[in-house]
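Here is the structure we will look at, set down as structure tokens.
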Amino acid sequence: MISFPPKNHSKKNAPTIYTVKKWVYPNPERLQQSPLLLSRNQRFKAIIHVFSQLSSNEINADAQTHTIFTKALLKEHKYEEAADFLKTLAGKSNNFRLNRVFDSLVQGLCTFNQDPERGLCLLKDFLKIDGVCPSSRTFCLLICCFSQMGKMARVIDLLELMSDDKLKYPFDNYVCSSVISGFVRIGEPELAVGFYETAVKSGSLTPNTVTCTTVLTAYCKLGHIDKVSDLVAWMENNELAFDVVFYSNWIYGYLNEGLIQEAFQKFRAMVDKKVELDNISYTILIDGFSKDGNIEKAVGFLYKMRRDGLEPNLVTYTAIILGFCKKGKLDEAFAIFGMLKRLGIEADEFTYAILIHGVCRRGDFDLVFQLLDEMEKRGINPGVVTTTPSLMDYPKWGRHLMLMVSQKA
DNA sequence: TTAGGGTTAG
Numbered sequence: 000m001i002s003f004p005p006k007n008h009s010k011k012n013a014p015t016i017y018t019v020k021k022w023v024y025p026n027p028e029r030l031q032q033s034p035l036l037l038s039r040n041q042r043f044k045a046i047i048h049v050f051s052q053l054s055s056n057e058i059n060a061d062a063q064t065h066t067i068f069t070k071a072l073l074k075e076h077k078y079e080e081a082a083d084f085l086k087t088l089a090g091k092s093n094n095f096r097l098n099r100v101f102d103s104l105v106q107g108l109c110t111f112n113q114d115p116e117r118g119l120c121l122l123k124d125f126l127k128i129d130g131v132c133p134s135s136r137t138f139c140l141l142i143c144c145f146s147q148m149g150k151m152a153r154v155i156d157l158l159e160l161m162s163d164d165k166l167k168y169p170f171d172n173y174v175c176s177s178v179i180s181g182f183v184r185i186g187e188p189e190l191a192v193g194f195y196e197t198a199v200k201s202g203s204l205t206p207n208t209v210t211c212t213t214v215l216t217a218y219c220k221l222g223h224i225d226k227v228s229d230l231v232a233w234m235e236n237n238e239l240a241f242d243v244v245f246y247s248n249w250i251y252g253y254l255n256e257g258l259i260q261e262a263f264q265k266f267r268a269m270v271d272k273k274v275e276l277d278n279i280s281y282t283i284l285i286d287g288f289s290k291d292g293n294i295e296k297a298v299g300f301l302y303k304m305r306r307d308g309l310e311p312n313l314v315t316y317t318a319i320i321l322g323f324c325k326k327g328k329l330d331e332a333f334a335i336f337g338m339l340k341r342l343g344i345e346a347d348e349f350t351y352a353i354l355i356h357g358v359c360r361r362g363d364f365d366l367v368f369q370l371l372d373e374m375e376k377r378g379i380n381p382g383v384v385t386t387t388p389s390l391m392d393y394p395k396w397g398r399h400l401m402l403m404v405s406q407k408a
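Take the first sequence: its position 96, counting from 1, is numbered 95 in numbering that gives the first Met the number 0, and each next residue is one higher.
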């Protein structure tokens, strides 16, 4: 409850609340209700203002008002102020009541500020406070952020905190899929598989299609095609549906192994089972066939993709450019490159590196210089091109280009 | 009810 009026209260020094003009002179009953009313009306800036007025006039606010104020700070993305305020509350009131506010704070830092480091730091601070118990969702969001950044040491930190006797949160599909994909992302598919197998053996995890997709990707990276077959059989026995992402990764795995026919069969299976292909699944197919030297098939998929109402993106077109370059069809490759410009799609270092590689093979170094100039004008670092071995294949030009590029970089 | 899985150069 707000104690009102404050000590030594007089009309002369009464708090004036400018944001809510009809309350120029506070009516005690309405002032008590104001944070709640403002909260219902989503007037977060006004809540922060009212609270600062209350504080500066030494009016004590009740626990509900504290919560409303902190939530308003979070809605306004004032995370540090919210954290400082929560720390002053800890121990003064029932900490259990603050748990959901702690959750919103850490989740806001992850999703809005993209700063899981700060989120984890605060989480560790809050865990020291009696009665504070962040939700499993908060842990999952942090794990997801760190996994996407490839910061797996942080992910392991969080898994340890989750397993602590105080919480004992299980590793569910949300957690496992994030962790497995994180390990694959940093090039540690063995660890990904190890984590998955341990989670299944412990009995805490019943994998779903998402988790199976991440495991499939790990098996593919390891070249364990037999394990993929076992996984697929297990999914069929457990009536788990194969969706577009699962099929995409499966096809990608076959293509990387050079198993083009098997990849194509999976594409047919998708069509038969009426699993609609999306942008990425088409791009994977186009890239696979381009790399295999079958540009005709790749272009066929490009047309089919557009017939399906899907808009190819830079990655898709870059895969087509690669396919043409690989076949020595530079005119066609540049025709696609020109089309990118007309479509307003900005080429990146991948596109330029592929084109430069193709042009080098033909020995047209004037064109290489033109492309390098274009890159520079667009602010794309040409340094990356120096790692293209094709430039080094021509000692005379390669050395010259190296010097030029290093001067520009 | 939902937070989680997928694509490009050399």
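Glycine is no exception: its CB is placed at the ideal position from the N, C-alpha and C atoms. The model shown is predicted, which means the values in this text are computed figures rather than measured ones.
The stretch 140-155 makes no contact with the stretch 164-172; the number of CB pairs closer than 8 Å stays below 3.
Distance check between E187 and each of E159, G130 and G149 places G149 closest, using alpha-carbon atoms only.
Following the DSSP letters along the chain, one finds T212 inside the alpha helix (DSSP H) bounded by residues T208 to L221. For the set I259, F266, E256 and Y218, the Cα lying nearest the Cα of F241 is the one of F266.
Counting C-beta pairs closer than 8 Å gives three or more between the stretch 282-290 and the stretch 304-316, which meets the contact rule. The stretch 244-262 and the stretch 210-219 touch, with no fewer than 3 CB-CB distances between them shorter than 8 Å.
Close CB contacts of S176 within its chain, under the 7 Å cut and outside five residues either way in sequence, are with V209, T210 and T213 (chain order).
Taking the CA atoms as reference points, E295 sits about 56 Å from K123. Out of I259, L276 and T282, the CA that lies nearest to the CA of D291 is found in I259. Rounded to the nearest angstrom, the gap between the Cα atoms of R117 and V131 is 18 Å. Annotated three-state conformation of L108 is helix, per DSSP. At the C-beta level, L321 and I353 come within 8 Å of one another.
Secondary structure at G322: helix, using DSSP grouped into helix, strand and coil.
Taking a C-beta distance under 8 Å as the contact criterion, A318 and T282 qualify as a contact pair.
Excluding its 5 nearest sequence neighbours in each direction, E256 has C-beta neighbours in its own chain below 8 Å: C219, G222 and I224, listed in chain order.
Cβ-Cβ distances below 6 Å link L53 to A60 in the same chain, with the five nearest sequence neighbours on each side left out; the list follows chain order. With a cutoff of 8 Å on beta-carbon distance, S38 and I46 are scored as near each other. In this chain, G257 is not harboured by any alpha helix (DSSP H), its DSSP state being neither H nor E. Taking all protein chains shown into account, V270 has fewer than 16 neighbouring C-beta atoms within 10 Å of its C-beta and is therefore exposed.
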